[in-house]
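Residue numbers (our numbering): 7 to 376. Positions of the beta carbon are idealized from the N, C-alpha and C atoms, including for glycine. Report on one structure; see the data block that follows.
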């Protein structure tokens, strides 16, 4: 079998197991030794052993290696969720829905990259030897795009959620960011707004930020005005609310209100920017929903935003994203082919409360304080 393909290697080992030549508990050669003996790459050896594991013929045991499985016991699958920040509300919600959708008896293993591509690559490599399939919420950027593609092309079950490094779009299930952003900005325009500001993160490696900006640009294109003076890219510290962010948003709003035609509404790509803008409006005596409208993606729940009923909110359908991701992973783990992505899920638009109601509530509040 010198220079054999991974399929031929897997078939030969499977035959030895089926005939009883290799009994339950028998150790299988480590990847490196198998690759050396057969004069193949370690990747080929790894793929062959993974195929045997997928078929339930072998199992990996810590500190012991790969052994022939005892098939008198039901095989339990292990699925990994490799995530950016497990403490992030949105990513934690995805994890909860994934766990709910997994088949009974499937164990979920959680690993975090902390938005570090190098750490992500190390975890990805380790998990391929420990689990049957991976759902990954990628770190920002394109650093591991080649690794994701190579892993998927090898036949290892892999599904990405929410983000896609360039070249990996066919692997991802995510929100339709362009369409959802376009709809939100159009809703603001339908309320009579013609100068709508854009607040985005300066993290240009995040595909979702780029797509949401594309949706904004497409929507305001019909209004026939130059959007550049109304666009602001704010530096955000991952998972933190910084004084610098609040000050940057305040400065941006102040500058835009000095334009010949100041904005009367704004679109924010995420919660923290909306929170900063709400504070900036309060400092400038602008009543949200009356003097100034805001539309934002709201991933951290309504209570994250002060007086959320005054804000137009875009809600990603986390449950649908998770269900589709698990369905695709289950199909891949069963050896089935799935259609190429991206699989896009529309977001839900929740409009702010009617302005007349907000005006009356504002007057009522003033009367009580008088």
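query, result
"Have a look at the DSSP bridge pairing and note the partners of residue 330.", "In DSSP, residue 330 forms no bridge with anything."
"How big is the Cα-Cα spacing for residue 274 and residue 238?", "10 Å"
"State buried or exposed for residue 373, treating a residue as buried only when at least 16 other CB atoms are found within 10 Å of its CB.", "Here residue 373 scores only 42 on pLDDT, less than 50, and its place in the model should not be relied on; the value that follows carries that caveat. Under this definition residue 373 is an exposed residue."
"Would the region 155–170 and the region 219–234 be scored as touching if the rule is three or more Cβ pairs under 8 Å?", "no"
"Three-state secondary structure (DSSP) at residue 104?", "helix"
"If contacts are defined as beta-carbon pairs under 8 Å, then residue 324 and residue 334 qualify, I think. What distance do you get, rounded to the angstrom?", "No, residue 324 and residue 334 are not in contact; Cβ-Cβ is about 16 Å, not under 8 Å."
"Since residue 338 contacts residue 179 with CB under 8 Å, what's their CB separation in whole angstroms?", "The Cβ separation is near 12 Å, so there is no contact."
"Looking at the C-beta of residue 321, does it have a partner C-beta in chain C at a distance below 9 Å?", "The structure shown contains no chain C; it holds only a single protein chain."
"Leaving out the 5 sequence neighbours to the left and right, which residues in its chain are closer than 6 Å to residue 267 when beta-carbon positions are compared?", "201"
"Quick check for students: name the residue ranges of the alpha helix (DSSP H) that lie wholly in the region 249–303, counting only runs of 4 or more.", "249–262 and 277–289"
"Specify whether the region 147–161 and the region 311–328 touch according to this definition: at least 3 beta carbon pairs, one from each stretch, less than 8 Å apart.", "no"
"Excluding the 5 residues preceding and the 5 following residue 375 in the sequence, name in chain order all residues of the same chain whose CB lies nearer than 7 Å to its CB.", "Because residue 375 carries a pLDDT of 47, less than 50, the predicted location of this residue cannot be relied on, and no value is offered for it."
"What are the partner residues of residue 142, as DSSP defines its beta bridges?", "88 and 166"
"Rank 294, 216, 355 and 336 by C-alpha distance to the C-alpha of residue 305 and give the top, closest one.", "355"
"If I measure Cβ to Cβ from residue 368 and keep anything under 7 Å in the same chain, skipping five residues before and after, which residues do I get?", "Because residue 368 carries a pLDDT of 45, less than 50, the predicted location of this residue cannot be relied on, and the following value inherits that uncertainty. Excluding residues within five positions, the ones whose Cβ falls inside 7 Å are 293 and 296."
"Could you tell me whether the region 84–91 touches the region 122–142, using the rule of 3 or more Cβ pairs below 8 Å?", "yes"
"Just verifying my parser: in three-state terms, what is the DSSP assignment at residue 374?", "Note that residue 374 has pLDDT 46, beneath the 50 cutoff, so the model's placement of it is unreliable and the number below is only indicative. Three-state result, residue 374: helix."
"With 16 as the cutoff for other CB atoms within 10 Å, does residue 302 come out buried or exposed?", "buried"
"Taking 6 Å as the limit between beta carbons, can you name the residues of its chain near residue 157, skipping five residues before and five after?", "164"
"Just to confirm the assignment, what range does the alpha helix (DSSP H) spanning residue 185 have?", "183–196"
"Checking 9 Å against the spacing of the C-beta atoms, do residue 90 and residue 144 come in under that value?", "yes"
"With a CB to CB cut of under 7 Å and the five nearest residues on each side skipped, what residues in its chain are close to residue 172?", "148 and 151"
"For residue 48, which residues of its own chain have a beta-carbon under 7 Å away from its beta-carbon, when the five flanking residues on both sides are left out?", "37, 38 and 41"
"By how many angstroms is the C-alpha of residue 101 removed from the C-alpha of residue 300?", "29 Å"
"Quick one: Cα of residue 75 to Cα of residue 117, how far?", "26 Å"
"Note down the Cα distance separating residue 209 from residue 56, rounded to an integer number of angstroms.", "37 Å"
"Pull the bridge partners of residue 207 from the DSSP assignment, please.", "240"
"Can you pull the DSSP bridge partners for residue 318?", "301"
"Quick check on the DSSP output: the alpha helix (DSSP H) that includes residue 42 runs from which residue to which?", "37–44"
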